[in-house]
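Numbering (the working numbering), first residue to last: 427 to 515.
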């Protein structure tokens, strides 16, 4: 279907909605809520730098401080939280 005299297909010119909105969550029950909280706590304690702690991670893993190796990304909650680290090669 084209708009009369313009030559534009109104359906084709509409941008599709984004596939993922990483700044929002729809919680689908208690188990899902518990999973989200667990993932956030792991990110908060093991992957996030803390300003009040001198920019340090509360419970750093073995990968913290490595200067060699491939840079990898760990994604949590569908990309809402990302943690970049070096893989010990």
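We treat Cβ as the ideally placed atom computed from N, Cα and C, and that holds for glycine.
None of the values given here were measured: they were computed from a predicted structure.
### Query
How about residue 469 and residue 502: are their beta carbons less than 7 Å apart?
Position 43 of the chain shown, counted from the start, is the residue given in the question as residue 469. Position 76 of the chain shown, counted from the start, is the residue given in the question as residue 502. Cβ distance < 7 Å, so residue 469 and residue 502 count as in contact.
### Query
Secondary structure at residue 449, three-state DSSP: helix, strand or coil?
In the chain shown, the residue the question calls residue 449 occupies position 23. Coil, per DSSP.
### Message
Excluding the 5 residues flanking residue 512 on each side, which residues of the same chain have their C-beta closer than 8 Å to its C-beta?
### Response
Here the question's residue 512 lines up with position 86 in the chain shown. For residue 512, where only same-chain residues beyond five positions count, the Cβ hits under 8 Å are 489, 492, 493, 494, 495, 496, 497 and 498.
### Query
Does DSSP put residue 460 in a helix, in a strand, or in coil?
Within the chain shown, numbered from 1, the residue matching residue 460 stands at position 34. In the structure shown, residue 460 sits in a helix (DSSP, three-state: H, G or I).
### Query
Going along the chain, which residues of its own chain have a beta-carbon closer than 6 Å to the beta-carbon of residue 473, five neighbours each way excluded?
For the purposes of this step, residue 473 is taken as residue 47 along the chain shown, with counting starting at 1. Here the set comprises 509.
### Query
Can you tell me the Cα-Cα spacing of residue 463 and residue 475, whole angstroms?
Working through the chain shown from its first residue, we reach residue 463 at position 37. Working through the chain shown from its first residue, we reach residue 475 at position 49. Looking at the two C-alpha atoms, the distance is approximately 18 Å.
### Query
So residue 488 is in the beta strand (DSSP E); what residue range does that whole segment cover?
Locating residue 488 in the chain shown gives position 62, counting from the first residue. Where residue 488 is concerned, there is no enclosing beta strand (DSSP E), given that its DSSP letter is neither H nor E.
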